[in-house]
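Scroll down for the structure; my scribbles are underneath it.
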Amino acid sequence: GRSLRSVQTMIQYILLFSRQGKVRLQKWYQALTLKEKKKIQRELVSSVLSRRSKMCNILEYRDVKVVYKRYASLYFCAAIEPEDNELITLEIIHRYVELLDKYFGSVCELDIIFNFEKAYYILDELLVGGELQESSKKNITRAITAQDMLQEETENPKSTQSLLEEMGLA
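If you want the numbering used here, it's the 1-based position in the sequence shown plus 272.
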């Protein structure tokens, strides 16, 4: 039989960058030095940006396969093992963009810049350790909403107080 590993796609790292080459989000699922990360960013951003729009969205880079997709002014880029499935990776990228769109309305580069912690949180709900954790957009959206409510309560102590009063605990 097939092992679970052959079905599960392992993402090594994800980079989001602009058409100008500015990295807007990076998530590393393997241990690399800062110097190695910077080199990978520089080389990969340059490689992807130099490709024509009609070219394949998959390229070989060092010992990984890089799958990328451009949405508006942002490139979403994921590095996977050579034997992993590129189409599943494209689907994971697309799912992340759908979640960002759902949260921000229609996501744009400025949303990522000014709300990077939320973009990371959404990514962390989708992927853990470079592997798909949750495929349900509804479940991820529910978790994000709960986290927003919790954050709102901690930032506004009065609402916590009134919540405790409503529950008859204050």
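Backbone N, C-alpha and C fix where the C-beta goes; we use that ideal spot for every residue, glycine too.
Could you compute how far the alpha carbon of residue i sits from the alpha carbon of residue j?
i: Leu436; j: Thr417; result: 20 Å
i: Leu346; j: Asp383; result: 11 Å
i: Gly377; j: Gly293; result: 24 Å
i: Ser275; j: Glu424; result: Here the model assigns Ser275 a pLDDT of 49, short of 50, so the residue's position is not dependable and the matter cannot be decided.
i: Leu399; j: Ile412; result: 11 Å
i: Asn428; j: Glu438; result: 16 Å
i: Ala391; j: Leu372; result: 7 Å
i: Ala344; j: Leu395; result: 19 Å
i: Gly440; j: Leu362; result: 50 Å
Considering only C-alpha positions, which residue in the set the options is nearest to residue i?
i: Glu355; options: Leu371, Glu332, Glu370 and Val369; result: Glu332
i: Val317; options: Ala351, Leu304 and Tyr301; result: Ala351
i: Met282; options: Lys341, Arg296, Gly293 and Trp300; result: Trp300
i: Lys410; options: Tyr343, Leu321, Gly440 and Arg367; result: Arg367
i: Arg334; options: Arg323, Tyr343, Phe348 and Ser319; result: Ser319
i: Arg291; options: Cys328, Leu422, Gly401 and Tyr340; result: Tyr340
i: Gln298; options: Tyr375, Cys380 and Glu389; result: Glu389
Compute the beta-carbon to beta-carbon distance between residue i and residue j, rounded to the nearest angstrom, for a pair I have assumed lies under 8 Å.
i: Glu353; j: Ile330; result: Glu353 to Ile330, Cβ: 13 Å. No contact.
i: Phe348; j: Val369; result: 7 Å
Residues bridged to residue i by DSSP?
i: Ala350; result: Ile286 and Val339
i: Leu359; result: Paired residue(s): none; Leu359 is not in a bridge.
The segment 405-413 in contact with the segment 294-308 per 3-pair CB rule at 8 Å: At 8 Å Cβ cutoff, the stretches do not touch.
contact_flag[the segment 280-300, the segment 313-328] where n(CB pairs < 8 Å) is 3 or more: Yes, the segment 280-300 is in contact with the segment 313-328.
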